[in-house]
Amino acid sequence: MTLDQARAALDAGAWVDALTGVAGLVDEDGPTQPDALEVAAGAYYGAGDLERCIGAWERLHTLHDRRGETERAGRAAAMTALHLLIDSGLMATVRCWCRRAEALLAPTPQSPVWAVVAMVAGYERFFSGDMTGAEELARRAVALGQERDVASAVVVGRTTLARLRIIDGAVEEGLELLDEVALELTSERVDPLTAGMMLCELVCAAEGVGRHDRAQEWTEVMDRWRAGRAVGGINGRCRVHRAEMLRRSGPGDLAEAEAVAACEELRPWMRREFGWPLVELGTIRLRRGDLAGAEEALLQAHEHAWCPQPALALLRLAQGRGAEALVLVQEAVAHPLPMPSKERPPFVELRVAPLLEAQAEIAAALGRAALVAEAADRLEEIAARWAGPDLAAAAALARARAELAAGRPAVDPAAAAVAAWADAEAPYETAGAREVLAAALDAAGRPEAAGLERDAALAAYEAFGAALDVRRLAGAEAGPRPVAPAVAVLEPVGTSWRVALGEVERVLPDLKGLRYLARLLACPGREVHVLDLVAAEAAPQAPEGVTRVDSSGLLVLDEVAKAAYRRRLAEVEEDLDEAVLTHDLAREEVARRDRDYLVDELARAVGLGGRDRRTGGSAERARTSVTRSLRYALARLGAEHPDLGAHLSRRLRTGTYCCYEPDPLSPVTWRLAQVP
């Protein structure tokens, strides 16, 4: 394959073919063709090998620098900075590579690469909280991009400027500017990586100020655009946004499926920012009542140096650990973790709005009226500055909680909160507001009206699939009326499976997921380890309690990744030294945080005696395999028998331990035959 053919394969998204085509031209130990190395960088990124992608750009920088090709070396440095900005979350390393690019480009002030450097440096300043520097660099990126025909610099610079207007409180003006950017992004003038990343930024900007309507609109635009054009982690980012939309509207099982898929798709590309989809997954699982699954996802996010609050505090409340929940959320409000969040930049009051919502809920549950009022006061100030339906609704609900906690009539503010969340088209949040209104109506001596609100909340929770909320709310009343259990059938018939519920009967092909399902249905309410399911499938006659063998898995970080992390660490140290020298305390803090993260990651990858740690052993592989098989089987079953598929999707919990949880409100009696 010629270099032109390899480049054509790259353009077509045939990453493996592109890498095969340049394999002999990018030898680590021999001569390397620069053009081939650039093709390899793009193909590595498309294939999900972020470290080799960045490593290829670093090699390209070194190669051109040694040859005295300063402008091309500067471009490679700028591209290294761009990829670090997009996927690493390490702002100190981004600054380091931007400085290298600027030094190399100094002899060529008319180079178009200056526009790329300005756009990257501007966004780094935005994430680091330097709004003045971000605006100056963004304006420069737009001007240079227009002058030197660099479309990516123009749209990134305009996106930065629009987001800065939103941060300043000019929300409508900023959103209108982003609408103009959206039109440009969906044209053919912008490269796919820039277009996908900036479409994601548009959704994040709207989410950050509680403009769900605009976020949903732009998510739909991104979803339509990405078909055949998305590269790298763009598909996964789009999935996170779709999960966010479903977290509000339901059903919860679809929201979780999107979040799980997003985590799987983003794993190869993201580093610290991988905590973002994990927190979304944990929040959705919490709403569905899967407390163990929520904790697993949220603690993983914390391991990635991503703030798991307020979801973790709300999880502790659901676990009956209210005092701990309050301490966690108060700590998060007082000391919000500065992280490169695209939805809530770490330097304005907007970042604490969700934390204050949680503080109001937790403090109200514990009877801490003063803390509820404190949260309501701050939320009202935030909503007044950054007008948006979600922020206004959150402030209204917090005020209703505060009035109720203080023993004052709260019917009117609670009714206003219900109306605000309903107008914001957030059924789950509306149900929570209805519960507060019901409590206020009870206090006002209007039990019949309170019952109507609870019935409406219960219906919303059932539609979402919020199992714990359904059980809690049903238990708060006189108790659900007894319902005759429905009879369902899942049994093998020859080489097929017969499934039935009521009078509807279907036949499905033999699927491994159906055999797993039958074993879970045979022990309702009991958690079964995935290794037990796999062992039983591999040896059906094996006695119960068969010994599990958890073999070694993949390296936490392979040698390429560890070498890359060590280079990043050196770059952070370089940035830290300069920050100390110039007495830049804010930059010094960011650099120290980046250094701590890299040191922790390297430590996590190496065990006692310098031995490499591994992950993805048999338990992890079994979890992935079993989950995939069960989801595929449920999808096939749901297509043939929607009612039965919907029931199982709501009641089946997957993970390291899998479980079928019977529905207390709509019980089902299963007729099962022995699994083949």
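In the numbering used here, each residue carries its 1-based index in the sequence shown increased by 1496. Yeah, the Cβ is synthetic: ideal placement off N, Cα and C, and Gly gets one too.
Just the C-alpha distance for A2027 and R2119, rounded to the nearest angstrom, thanks.
-> Here the question's residue 2027 lines up with position 531 in the sequence shown. Here the question's residue 2119 lines up with position 623 in the sequence shown. Before going on, a small fix: residue 2027 reads as Leu here, not Ala. L2027 and R2119: Cα-Cα distance of roughly 8 Å.
Look at the alpha carbon of V1979 and the alpha carbon of A1956, and state the distance between them as a whole number of angstroms.
-> Translated into positions along the sequence shown, residue 1979 becomes position 483. Translated into positions along the sequence shown, residue 1956 becomes position 460. Legend: pLDDT at V1979 = 49, less than 50; position of this residue unreliable, no value from coordinates given.
Unbroken stretches of the alpha helix (DSSP H), 4 residues or longer, contained in the stretch 1515–1560 | As for any alpha helix (DSSP H) of minimum length 4 sitting wholly inside the stretch 1515–1560, the runs are 1530–1542, ordered along the chain.
Around the Cβ of S1584, are there at least 16 other Cβ atoms within 10 angstroms (buried) or fewer (exposed)?
-> In the sequence shown, counting from the first residue as 1, residue 1584 sits at position 88. Buried, since its Cβ has 16 or more Cβ neighbours within 10 Å.
CA-CA distance, G1771 and C1803?
-> Within the sequence shown, residue 1771 is the residue found at index 275, counting from 1. Within the sequence shown, residue 1803 is the residue found at index 307, counting from 1. So the alpha carbons of these two residues sit roughly 8 Å apart.
Under a three-way DSSP split, which group does P1885 fall into?
-> Translated into the one-based positions of the sequence shown, residue 1885 becomes position 389. Three-state DSSP puts P1885 in a helix.
Report all residues from its chain with a CB closer than 8 Å to the CB of L1997; omit the five preceding and five following residues, and keep chain order.
-> In the sequence shown, the residue the question calls residue 1997 occupies position 501. Once the five neighbours on either side are set aside, the close Cβ partners of L1997 are A1982, V1983, A1984, V1985, H2137, D2139, L2140, H2143 and V2164.
Is it a yes or a no for the stretch 1879–1896 touching the stretch 1843–1858, going by three-plus beta-carbon pairs under 8 Å?
-> yes
Excluding the 5 residues preceding and the 5 following E2040 in the sequence, name in chain order all residues of the same chain whose CB lies nearer than 7 Å to its CB.
-> One-based indexing of the sequence shown puts residue 2040 at position 544. Residue placement at E2040 cannot be trusted, given a pLDDT of 43 that sits under 50; what the coordinates show is reported in the next sentence. Closer than 7 Å at Cβ, skipping near neighbours: no residue.
Buried or exposed by the 16-neighbour rule on C-beta atoms within 10 Å, applied to T1558 | Your numbering for residue 1558 matches position 62 in the sequence shown. Its Cβ having fewer than 16 others within 10 Å, T1558 is exposed.
Kindly give me the distance between the Cβ atoms of R1654 and L1640, rounded to whole angstroms, as I take these residues to be in contact under 8 Å.
-> As a working note, residue 1654 is residue 158 in the sequence shown. As a working note, residue 1640 is residue 144 in the sequence shown. Rounded, the Cβ-Cβ distance is 13 Å, inconsistent with contact.
Strand pairing of R2003, partner residues [DSSP] = The residue given as residue 2003 occupies position 507 in the sequence shown. For clarity, residue 2003 is Val in the given sequence; the question names Arg instead. V2003 is bridged to R1994.
Name the DSSP beta bridge partners of E1987, please?
-> Walking along the sequence shown from the start, residue 1987 turns up at place 491. R1994, per the DSSP bridge assignment.
How should C2019 be labelled, buried or exposed, when 16 other C-beta atoms within 10 angstroms of its C-beta is the threshold for buried?
-> Taking the first residue of the sequence shown as position 1, residue 2019 is located at position 523. Burial call: exposed.
Close beta carbons around A1896, own chain, < 6 Å, minus the five adjacent residues each side = By 1-based counting over the sequence shown, the position of residue 1896 is 400. The residues are A1906, P1909, A1910, A1913 and V1932.
Ends of the beta strand (DSSP E) at C1594?
-> The count along the sequence shown starts at 1 and reaches residue 1594 at position 98. C1594 -> not in any beta strand (DSSP E); alpha helix (DSSP H) instead, spanning M1587 to L1601.
Unbroken alpha helix (DSSP H) runs of length 4 or more, entirely within the stretch 1836–1867: which are they?
-> 1849–1861
Which two residues bound the contiguous beta strand (DSSP E) that contains T1926?
-> The sequence position of residue 1926 within the sequence shown is 430, counting from 1. Segment P1923 to A1939 is the alpha helix (DSSP H) holding T1926; no beta strand (DSSP E) there.
Check whether the Cβ atoms of A2129 and G2009 sit closer than 7 Å, and answer yes or no.
-> The residue you call residue 2129 lines up with position 633 of the sequence shown. The residue you call residue 2009 lines up with position 513 of the sequence shown. Cβ atoms of A2129 and G2009: closer than 7 Å.
Distance between R1744 and A1505 (C-alpha atoms, nearest Å) = By one-based count along the sequence shown, residue 1505 stands at place 9. By one-based count along the sequence shown, residue 1744 stands at place 248. Approximately 40 Å between the Cα atoms of the pair.
Any idea what DSSP makes of R2149, helix, strand or coil?
-> By 1-based counting over the sequence shown, the position of residue 2149 is 653. Residue state, collapsed to three classes: strand.
Measure the CB-CB distance between P1603 and T1576 and report whether it falls below 7 Å.
-> Residue mapping note: residue 1603 aligns to position 107 of the sequence shown, counting from 1. Residue mapping note: residue 1576 aligns to position 80 of the sequence shown, counting from 1. For P1603 and T1576, no; Cβs fall outside 7 Å.
Straight-line gap, T1779 to P1530 (C-alpha atoms, nearest Å) = For this step, residue 1779 is matched to residue 283 along the sequence shown. For this step, residue 1530 is matched to residue 34 along the sequence shown. Between T1779 and P1530, the C-alpha separation is close to 46 Å.
Is the stretch 1784–1801 touching the stretch 1603–1620 in the sense that three or more CB pairs, one from each, lie closer than 8 Å?
-> no
Taking all protein chains shown into account, do 16 or more other C-beta atoms lie within 10 angstroms of the C-beta of V1989, making it buried, or fewer, making it exposed?
-> Locating residue 1989 in the sequence shown gives position 493, counting from the first residue. Under this definition V1989 is an exposed residue.
Exposure of V1609, with buried meaning 16 or more beta-carbon neighbours within 10 Å = The residue you call residue 1609 lines up with position 113 of the sequence shown. That one is buried.
Between the Cα of A1880 and those of G1706, P2005 and T1991, spot the shortest distance and give me the residue it belongs to.
-> On the sequence shown, residue 1880 is found 384 positions in, with the first residue counted as 1. Ranking G1706, P2005 and T1991 by Cα distance to A1880 puts G1706 first.
Please list, in chain order, all residues of the same chain as V2042 whose beta carbon is under 6 Å from its beta carbon, the five residues on each side excluded.
-> As a working note, residue 2042 is residue 546 in the sequence shown. Confidence is the limiting factor: at V2042 the pLDDT is only 37, short of 50, which leaves the residue's position unreliable and the question unanswerable from this model.
So who's on the other strand from Y2093, going by DSSP bridges?
-> The residue given as residue 2093 occupies position 597 in the sequence shown. Beta-bridge pairing links Y2093 to no other residue.
Could you round the C-beta distance between V1518 and L1499 to whole angstroms and report it? I think they count as a contact, below 8 Å.
-> Indexing the sequence shown from 1 puts residue 1518 at position 22. Indexing the sequence shown from 1 puts residue 1499 at position 3. About 7 Å separates the two Cβ atoms, so the contact holds.
Go ahead and label L1810 buried or exposed: buried means 16 or more other beta carbons lie within 10 angstroms of its beta carbon, across all protein chains shown.
-> Translated into positions along the sequence shown, residue 1810 becomes position 314. By the 10 Å Cβ count, L1810 comes out buried.
Distance CB(A1597)-CB(A1630) smaller than 7 Å = For the purposes of this step, residue 1597 is taken as the residue at position 101 of the sequence shown. For the purposes of this step, residue 1630 is taken as the residue at position 134 of the sequence shown. It is not a contact, given that the beta carbons lie outside the stated cut-off.
G1785 classed as buried or exposed, judged by whether at least 16 other C-beta atoms fall within 10 angstroms = Sequence index remark: in the sequence shown, residue 1785 carries index 289 (1-based). It counts as buried.
What does V2164 pair with, by DSSP beta-bridge criteria?
-> Position 668 of the sequence shown, counted from the start, is the residue given in the question as residue 2164. DSSP lists A1982 as the beta-bridge partner residues of V2164.
Are A1894 and A1918 close, meaning C-beta to C-beta below 7 Å?
-> The residue given as residue 1894 occupies position 398 in the sequence shown. The residue given as residue 1918 occupies position 422 in the sequence shown. Not in contact: A1894 and A1918 (Cβ atoms no closer than 7 Å).
Report the rounded CA-to-CA distance for W2166 versus L2017, giving the unit in angstroms.
-> For the purposes of this step, residue 2166 is taken as residue 670 along the sequence shown, with counting starting at 1. For the purposes of this step, residue 2017 is taken as residue 521 along the sequence shown, with counting starting at 1. Going by the C-alpha atoms only, they are around 7 Å apart.
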